[in-house]
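To keep things clear, I will list the structure first and then write my remarks on it.
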Amino acid sequence: MALPQERSAAEWSSQTLVSQASTHLREVLSASYPHVAARASADPQGALALVPGVQVRWTHERPKGACDLGGAYDGDSEPPTITVRRVGNEKRNNFTALHEVGHHLLYSDEDWQYRVLPTLGDKARMVEEKIVNDFAATLLVPDAVVQEHLGAGVTAAGLCEMVSLTEASATTCCIAALNLPGERLVMLADVEGRIWYSDSNGMPYNPGKRITQPSLATAADRALEDGQHTLVGGEGIRYSKGWADTDVRIDVALHEGLVIAVATSTRPDSRTRLSSDWREECAACGEYFAADTSSGQCATCGDWKCPECRGCECSNSKAVVCTRCFVALSVVEVGKGLTVHEDC
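Per the numbering used here, the sequence shown starts with residue 345, numbered consecutively.
So, in structure tokens, the structure goes:
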């Protein structure tokens, strides 16, 4: 499957295109490195070591420029270098290993580098992370396994069972759940509601990791007796602008101190994008607009894109783009006179 062409950045944020790009990467892996593909599912770390022309380093420190998982890919070095922070959870190490292989495949893909990446603007980093996450998850968790545990419906209890009975990490299982029919938000958090992973394939929208979710803490407390609990409405899902989506059903299960949550929208019309009374002020032009008229959130600053000027906080910083990852620099980085992200 070839990479989709002539698609907008907003379209590339959808799970449909993410899944197509992930399939493309798996096909490239099988065609270019069949010996690596043969070991990827059963021995991810061994497969990583077999990727030709790549230097692999394992460390106990978080590498510079690391993604959320603690891995980093440097395609500009000679040879290209993958650095992975080894943690105590081998399931997570396996996922990170394949995640970084995905970055290497994308870096080497001319269609991605010259036709797709330049069109993504400030969504580039977010889209690439979603693609390589999906690539790693689908290698680690075959469709048959996903159907066995989640085929009857995506629930927190089903995800918890999947984590317990397979070699897949909680993150891997959550990513796999996004490919199943229906829109949902999946989250991993501690019992205080502090999120360390979240993603969505539609509604409810992803709140990110900056906001503690009291609803998860409440559900986790109520789940102590039998390991799971479901909340409808209540405090809902909180967002960075102070708004909360209370039209949600939040299904929670506990796994070794980890809160696994699946949130779905309870709005009658699932196609409704956002409450029309949720309004934003554009940091770039100062106009107020309804969030449901925005093309989506900026992957860098989290602001909703202004429908008038297409700006956000990044635009307000004169949109200086990092020459390494092509994502707009923050206001602070621009103020320092940087042309490359400090983490890059």
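Using N, Cα and C, we set each Cβ at its ideal position, and we do this for glycine too.
If you're wondering where the values come from, they're calculated on a predicted model, not measured in any experiment.
- Under DSSP, residue 428 forms a beta bridge with 402 and 415.
- In summary, residue 551 is buried, with 16 or more beta-carbon neighbours lying within 10 Å of its beta-carbon over all protein chains present.
- By the Cβ rule, the stretch 432 to 447 counts as touching the stretch 475 to 491, because three or more pairs are nearer than 8 Å.
- In the DSSP annotation of this structure, the continuous segment of the beta strand (DSSP E) that includes residue 593 starts and ends at 592 to 599.
- Of the candidates 380, 469, 415 and 450, the residue whose Cα lies closest to the Cα of residue 368 is 450.
- If the five residues before and after residue 431 are omitted, its C-beta is found closer than 8 Å to the C-beta atoms of 414 and 437, all from its own chain and listed in chain order.
- Membership of residue 364 in the alpha helix (DSSP H) is indicated by the continuous run 359 to 376.
- Residue environment for residue 433: exposed (fewer than 16 other C-beta atoms within 10 angstroms of its C-beta).
- For residue 490, the enclosing alpha helix (DSSP H) has its first and last residue at 487 to 494.
- In the three-state reduction of the DSSP assignment, residue 584 falls in the coil class, being assigned neither a helical nor a strand state.
- Straight across, the Cα-Cα distance linking residue 483 with residue 385 is about 5 Å.
- Looking at the backbone, the Cα of residue 681 and that of residue 404 are separated by about 32 Å.
- Take residue 566, set aside five residues on each side of it, and the residues of its chain with a beta-carbon closer than 7 Å to its own are 573, in chain order.
- At a Cβ-Cβ threshold of 8 Å, residue 537 and residue 561 count as neighbours.
- Under the 10 Å beta carbon count, residue 406 is surrounded by fewer than 16 other beta carbons and is classified as exposed.
- Taking 8 Å as the cut-off, the beta carbon of residue 347 is found no closer than this to the beta carbon of residue 355.
- Counting C-beta atoms within 10 angstroms of its own C-beta, residue 458 has fewer than 16 neighbours from the protein chains shown and is therefore classed as exposed.
- Of the other Cβ atoms in all chains shown, fewer than 16 fall within 10 Å of the Cβ of residue 509; this residue is therefore exposed.
- Residue 580 and residue 534 have their C-alpha atoms spaced approximately 17 Å apart.
- Taking residue 687 as reference, the option from 395, 370, 416 and 383 with the minimal CA-CA separation is 416.
- If you draw a 10 Å sphere on the C-beta of residue 420, you find fewer than 16 other C-beta atoms in it, and that means exposed.
- Counting along the chain, residue 531 sits inside no alpha helix (DSSP H); it lies in the beta strand (DSSP E) bounded by residues 529 to 533.
- Residue 609 sits away from residue 596, with the two beta carbons spaced by 8 Å or more.
- For the pair residue 363 and residue 424, the Cα-to-Cα distance works out to about 26 Å.
- In the DSSP assignment, the residues bridged to residue 607 are 529 and 594.
- Annotated as proximal: residue 542 and residue 553, with beta-carbon spacing under 8 Å.
- Of the residues 549, 453 and 568, the one whose Cα lies closest to the Cα of residue 587 is 549.
- Annotation: residue 685 is outside any alpha helix (DSSP H) and is labelled neither H nor E by DSSP.
- Residue pairing by DSSP places residue 385 in no beta bridge whatsoever.
- Of all alpha-carbon atoms in 497, 358 and 375, the one lying nearest the alpha-carbon of residue 345 is that of 375.
- Judged by beta-carbon spacing, residue 503 lies within the 8 Å limit of residue 518, meaning their Cβ atoms are closer than that value.
- Residue 427 counts as buried, since at least 16 other C-beta atoms from the protein chains shown sit within 10 angstroms of its C-beta.
- Just so you know, the alpha carbons of residue 603 and residue 564 end up roughly 7 Å apart.
- In the DSSP annotation of this structure, residue 482 is not part of any beta strand (DSSP E); the continuous alpha helix (DSSP H) holding it starts and ends at 468 to 484.
- The beta carbon of residue 380 is closer than 7 Å to those of 373, 391, 394 and 395 in its chain, skipping five residues each way along the sequence.
- For residue 439, the closest C-alpha among the options 389, 631, 383 and 583 is that of 389.
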